[in-house]
Structures are given as C-alpha cells and as structure tokens.
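Take the sequence shown: its position 335, counting from 1, is numbered 335 in the numbering used here, and each next residue is one higher.
We put the beta carbon where it would ideally sit given N, CA and C, even for glycine.
Just so we're clear, the structure is a prediction, and the values are computed from it rather than from any experiment.
Right, one structure below, let's go through it.
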Amino acid sequence: MGTPSGVRTHRMNAAGLSLLAGLGLASWAPAAAQDGVGMPDPADITKQIEQMLGSMQPDGETEQPPAIPLPEPPAVEPDASTPPPPPPDDGVFNGEVTVDEFDLVDLHVNNENLAAVLQLLSLQSRRNIVASRNVSASITADLYGVTFYEALDAILHVNGFGYREEGNFIYVYTTEELEQIADASRRMSTHVIDLNYLNAVDAARFASPLLSETGTITTPNESVDFDIPETGPTGKDDYANTALLVIHDYDENIEEIAQLIARLDTRPSQVLVEATILQAAINEDNAFGVDFSLIGDLSFTDFLNPLKAANNLIGGRGVSLVDGSETPTDFPGADGEARAITSNIGNVAGKASLKAGIIDKDVAVFMRVLDEVTDVTVISNPKVLTLNRQPARVLVGTRVGFLNTTTTQTSTTQSVDFLDTGTQLHIRPFVTSDDMIRLEVKPQVSTAKLRESTTSAGQSVTIPDEDTTELVTNLLVRDGQTVVLGGLFTESTT
Numbered sequence: 001m002g003t004p005s006g007v008r009t010h011r012m013n014a015a016g017l018s019l020l021a022g023l024g025l026a027s028w029a030p031a032a033a034q035d036g037v038g039m040p041d042p043a044d045i046t047k048q049i050e051q052m053l054g055s056m057q058p059d060g061e062t063e064q065p066p067a068i069p070l071p072e073p074p075a076v077e078p079d080a081s082t083p084p085p086p087p088p089d090d091g092v093f094n095g096e097v098t099v100d101e102f103d104l105v106d107l108h109v110n111n112e113n114l115a116a117v118l119q120l121l122s123l124q125s126r127r128n129i130v131a132s133r134n135v136s137a138s139i140t141a142d143l144y145g146v147t148f149y150e151a152l153d154a155i156l157h158v159n160g161f162g163y164r165e166e167g168n169f170i171y172v173y174t175t176e177e178l179e180q181i182a183d184a185s186r187r188m189s190t191h192v193i194d195l196n197y198l199n200a201v202d203a204a205r206f207a208s209p210l211l212s213e214t215g216t217i218t219t220p221n222e223s224v225d226f227d228i229p230e231t232g233p234t235g236k237d238d239y240a241n242t243a244l245l246v247i248h249d250y251d252e253n254i255e256e257i258a259q260l261i262a263r264l265d266t267r268p269s270q271v272l273v274e275a276t277i278l279q280a281a282i283n284e285d286n287a288f289g290v291d292f293s294l295i296g297d298l299s300f301t302d303f304l305n306p307l308k309a310a311n312n313l314i315g316g317r318g319v320s321l322v323d324g325s326e327t328p329t330d331f332p333g334a335d336g337e338a339r340a341i342t343s344n345i346g347n348v349a350g351k352a353s354l355k356a357g358i359i360d361k362d363v364a365v366f367m368r369v370l371d372e373v374t375d376v377t378v379i380s381n382p383k384v385l386t387l388n389r390q391p392a393r394v395l396v397g398t399r400v401g402f403l404n405t406t407t408t409q410t411s412t413t414q415s416v417d418f419l420d421t422g423t424q425l426h427i428r429p430f431v432t433s434d435d436m437i438r439l440e441v442k443p444q445v446s447t448a449k450l451r452e453s454t455t456s457a458g459q460s461v462t463i464p465d466e467d468t469t470e471l472v473t474n475l476l477v478r479d480g481q482t483v484v485l486g487g488l489f490t491e492s493t494t
C-alpha cells in the first residue's frame, strides 16, 4: 500500500512544478537540484511565489472617477376615477369561502383578487365558473348565509361585471362584453298586427317610440276621406281589406308594441241620439215663449200628477221668482203634484230667444205637458246612432238651388250649388269613463229668399239670402237624460 501513496505524492509535486513553469520560474533551480542531489524545498517555493505576486501589484491605486447620480423619476399621482389595480397574485389566499349543505355561502375576503375569489367559490360550490380575461379587480366583502347567486351578484355587480349562465357553465364578462354578446345573439323578426278599430296611421305613430334603432313599421296607404257634398266627413276606411301593422324588429320590442296596441285597439262607444224637433205656436198668452229652464232637472216619474204644471204655466200661476229671488222650491210638492215656476224673463220685441233645460226619465210626459201649454207640432223625430267622437247631422228642410258663375279672362264656368234651409241639428258626442256624455250641439233654423242682383259686367244673377237662427254649445249630461233647447223663433202672419 506504500507504493501507491508515493505515486500520488509524486504527481502532486509534478503538478506544482508545472505551475511554477507557467509563472516563469522554470529557469530557477536551487543548488541542490543543480547538483542533482535532493528535491526543492517547499518553503523556498512558497517564498518565491509571494515575491512574484508582490512584484505584480501596481505602485499606487488608480483613482476611480466619481459616480454620477441618476435623476429620480417624477412622482405620478393616482387617478381617482381609475380603480386600484388588483393585488399581486403571490399564490397566498388570505380569505375564506365556505358553502354548507344548504348551498348557503359565507364569504370573507379583504382586498383579494377577484379571479382567485371566483376560483375558490367555484371549488366550494362545485359549479363551473369561467371568467373573461378582462375581468380583473380587487374585492373586499363579508357575506353571511347568502345563496350562491346572491354572492355572485354581490361580488360582480359592485365591480361592473356580469355573468351569463349557459347549461352547466357560468361565464363572467365585463358589461361591454355582455352587450356585445347580446347584440350578436339577437335576431330580428317580422310580425303582423291586425287592427280592429284603431286607425293604422295612428297606431304606427303610437308604436314608433318603442322601436329599436333598426326597427321599422309599415302601414297600408292612407285613403282620402269619404265625403258627402256640402256635409262634414262621416269617416274613412284606410284599407279595403283590413287595417294592419307590419313590424320588423327584435322580439322584445315587438312584444312591447303588441301590448300597447292591444290596449289602444278597443271597441269605441256608440251613442244613440234621439232627437225630437217640435214646433210650438206662440200667441199672446205666452208671448215670452216657453221657459224650459224652469222645469229643468226634473224626473217626471216622481210626480203623481205631472200635468198640473201645464195649468200653472197657462194661467201664470205657481211659485214666482220676484226681484231676483233664488229661493229653492221643492219638486214635487208635498202633495206629490207637479208645479210650475213663472218668470218675466224675455223680450217680446226680439226676433228670437233661447230657452234650455234638462229633463229626466220620461220625454213623452214632458211633451204632453208642453202640448197643454201651447199648440205643439212634431216636425221630425229622428234617431241617430253615431260612434264616440264622430259627428252626426239631422236636416229637416229644403235644399235651395242657385246658379254659381265663375268668370276668368278666358272663360266663364257655371255650376249649381245648394243652400240647406229648414231645421238642422249637428251633434257630436264625447263619452267619458264615468258614463257622462259631453255633447257638441248646434241647432239651426233657417229660411232662404232669392233676390236678383247685377254683376260688375252688368249681368243679372240670382242670389239666395239666408235668414237663420242658430246656437252652438257644449253640454254635459248623463246617459238617459234629455237636453231641451228652445227659443229658435220664426214669425209668420196668417
């Protein structure tokens, strides 16, 4: 075993000599070596190496240039409108999310990354939650005993995020991404709405504000009014087959429009107007006319003897209103009989005057009372059934024709026109929701007289003159009541 040790030592010495030769000491050799006797002393070799290293050091240290300090970057103040960045994800979650057997969530986090909170909520609730890469925020919340969806809404909505649930997956997006997805998934469709009573043009005007930016409404072409010459319009039919709306829009907009049209397209009310046109002969006994307003607001079915009032009117007896007194009088009286009120209102010299009032229940009894007062003739008794807010007209008289001449520089045109005379009644009812009826009423009594006249060219023409007495008023009555308008006088001599 001694031989190998000698070998290892020899190799180490050889290596040391080789190193010295590399340092430029190959020419050095101690005297003993030169004489060929013994090996070099290791202490001498160490001393020689130290001398060599000392000679390689510089005489003095070189002065280093002074360091130039770098300018510090300017401080940037945080923007108050920009939300703080989420905390760095260091892999350590300092919160707690638990879900019990009733699927109730307890969540306690403090400035935690929203993605980490969603991940832990997904693990604890065993639901598949996938968040968009744009969903990034910090969340601080303490929730106790809430459902899974309540917890999800709470932590998402406060940061401006939302989610869509499709099958077994819950996708979390930003608000902008949700709007883009909704717009991309929406499909427009076409729907036809048939109208029963509402005008198509009016229905389109009502529904237009409910359309989307790309939605459209198409209606049939509007036709002209159906007119009778010399009268007001009686209505119109916008389309020969049916009135309809063609709507092209998203389903939710179409549904909202359909609900509005169903509310508006309702059957209109109809009003039956029963008009009785009477002609009463006035003599010296009742020169002031019959004051209908004095028997106004009376229900003739409440009287035991309603005809007694006629004698009071003829004889001028009954309760009198003297010196402007407005003392109320009970109707009917204590005995159940009718009474009459006399007044001195009127103007004998005037051409015509108006008397008006409202009676209730029994129009036939009123006419009998009036016939006892004076000679009454029923001229006409028409019944007009008209729609709510639509005008109606009754004419009992004569249409007087006359020649109308129009002269220009090149030609002369003649046509026959007509003037309606006699007794006319224009009515337009407005039905309210509380069963009240507002009436626009225009009674008119007119006559025509033809006279000869001369034009600027010296031609003789016939011109009709109209002598008319008319009244335009608005009345408010209940269903079943009768409006009495009188005082449209005409004077005749026999």
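Pairwise C-alpha distance: residue j and residue i
{"i": "D142", "j": "V117", "result": "12 Å"}
{"i": "I379", "j": "I277", "result": "6 Å"}
{"i": "Q180", "j": "R186", "result": "10 Å"}
{"i": "L245", "j": "A182", "result": "27 Å"}
{"i": "D479", "j": "A204", "result": "34 Å"}
{"i": "F402", "j": "V445", "result": "20 Å"}
{"i": "V496", "j": "T266", "result": "Limits of the chain in this structure are 1 at one end and 494 at the other, which puts residue 496 out of reach."}
{"i": "Q124", "j": "A184", "result": "33 Å"}
{"i": "R393", "j": "T410", "result": "40 Å"}
{"i": "I359", "j": "G486", "result": "Because I359 carries a pLDDT of 46, less than 50, the predicted location of this residue cannot be relied on, and the following value inherits that uncertainty. Their backbone Cα atoms lie some 13 Å apart in a straight line."}
{"i": "F161", "j": "S122", "result": "17 Å"}
{"i": "Q119", "j": "V97", "result": "10 Å"}
{"i": "R126", "j": "N168", "result": "11 Å"}
{"i": "T175", "j": "V477", "result": "58 Å"}
{"i": "K449", "j": "V271", "result": "36 Å"}
{"i": "Q481", "j": "A200", "result": "35 Å"}
{"i": "I427", "j": "K442", "result": "7 Å"}
{"i": "V105", "j": "Q259", "result": "41 Å"}
{"i": "A137", "j": "Y149", "result": "19 Å"}
{"i": "V130", "j": "G95", "result": "20 Å"}
Residue i - DSSP class collapsed to helix/strand/coil
{"i": "E101", "result": "coil"}
{"i": "D479", "result": "coil"}
{"i": "R263", "result": "helix"}
{"i": "L304", "result": "Per-residue confidence for L304 stands at a pLDDT of 46, beneath the threshold of 50, marking its modelled position as unreliable; no derived number is given."}
{"i": "Q498", "result": "Any question about residue 498 goes unanswered here, given that the chain covers just 1 to 494."}
{"i": "Y496", "result": "The structure shown does not extend to residue 496, since the chain spans only 1 to 494, so no value can be given for it."}
{"i": "P209", "result": "helix"}
{"i": "N253", "result": "helix"}
{"i": "S122", "result": "helix"}
{"i": "S453", "result": "strand"}
{"i": "V396", "result": "strand"}
{"i": "T214", "result": "coil"}
{"i": "T46", "result": "helix"}
{"i": "L198", "result": "coil"}
{"i": "L416", "result": "It is Val, not Leu, that sits at residue 416 in the sequence shown. In this structure, V416 counts as strand in the three-state DSSP scheme."}
{"i": "L117", "result": "The question names Leu, but residue 117 is Val in the sequence shown. Reduced to three states, the DSSP call for V117 is helix."}
{"i": "A137", "result": "coil"}
{"i": "A280", "result": "strand"}
{"i": "A275", "result": "coil"}
is_contact[residue i, chain C] using C-beta, thresh 8 Å
{"i": "A258", "result": "Included in the structure is just one protein chain, with no chain C present."}
Candidates the options: closest to residue i by CA position
{"i": "Y250", "options": "T276, L211, D202, P220", "result": "L211"}
{"i": "V376", "options": "Q279, V484, L198", "result": "Q279"}
{"i": "D435", "options": "N388, A457, E466, T407", "result": "N388"}
{"i": "Q390", "options": "R438, F148, A154", "result": "R438"}
{"i": "D420", "options": "T432, V135, R399, E165", "result": "R399"}
{"i": "T455", "options": "D467, T407, S269, D465", "result": "T407"}
{"i": "F430", "options": "S460, T386, P443", "result": "T386"}
{"i": "V99", "options": "V130, T147, N134", "result": "T147"}
{"i": "L114", "options": "T242, S132, Q481", "result": "S132"}
{"i": "S460", "options": "H426, T423, N404, S433", "result": "N404"}
{"i": "R171", "options": "E252, N128, I257, K47", "result": "The sequence given here has Tyr at residue 171, not Arg. Y171 has its Cα closest to that of N128, out of E252, N128, I257, K47."}
{"i": "S269", "options": "E255, S433, I463", "result": "S433"}
{"i": "T190", "options": "G215, Q259, I261", "result": "G215"}
{"i": "N253", "options": "E274, T218, M188", "result": "M188"}
{"i": "F206", "options": "N159, R263, H248", "result": "R263"}
{"i": "S453", "options": "L395, D465, K442, E166", "result": "D465"}
{"i": "P273", "options": "N134, I261, G145, E440", "result": "One detail in the question is off: residue 273 reads as Val in this sequence, not Pro. Among N134, I261, G145, E440, the Cα nearest to that of V273 is on E440."}
{"i": "P209", "options": "T242, I261, N381, T46", "result": "I261"}
Touch test, the segment 410-420 against the segment 469-480, Cβ-Cβ under 8 Å, three pairs minimum: Three or more Cβ pairs closer than 8 Å define a contact, and the segment 410-420 falls short of that threshold against the segment 469-480.
Under 8 Å: do the segment 96-109 and the segment 129-148 share three or more Cβ pairs, one atom per stretch? A contact exists between the segment 96-109 and the segment 129-148.
Are the segment 193-209 and the segment 153-162 touching, with three or more C-beta to C-beta distances below 8 Å? They do not touch, by the three-pair rule.
Contained alpha helix (DSSP H) runs [length at least 4] in the segment 155-185, N- to C-terminal order: DSSP runs (the alpha helix (DSSP H)) wholly in the segment 155-185: 175-185.
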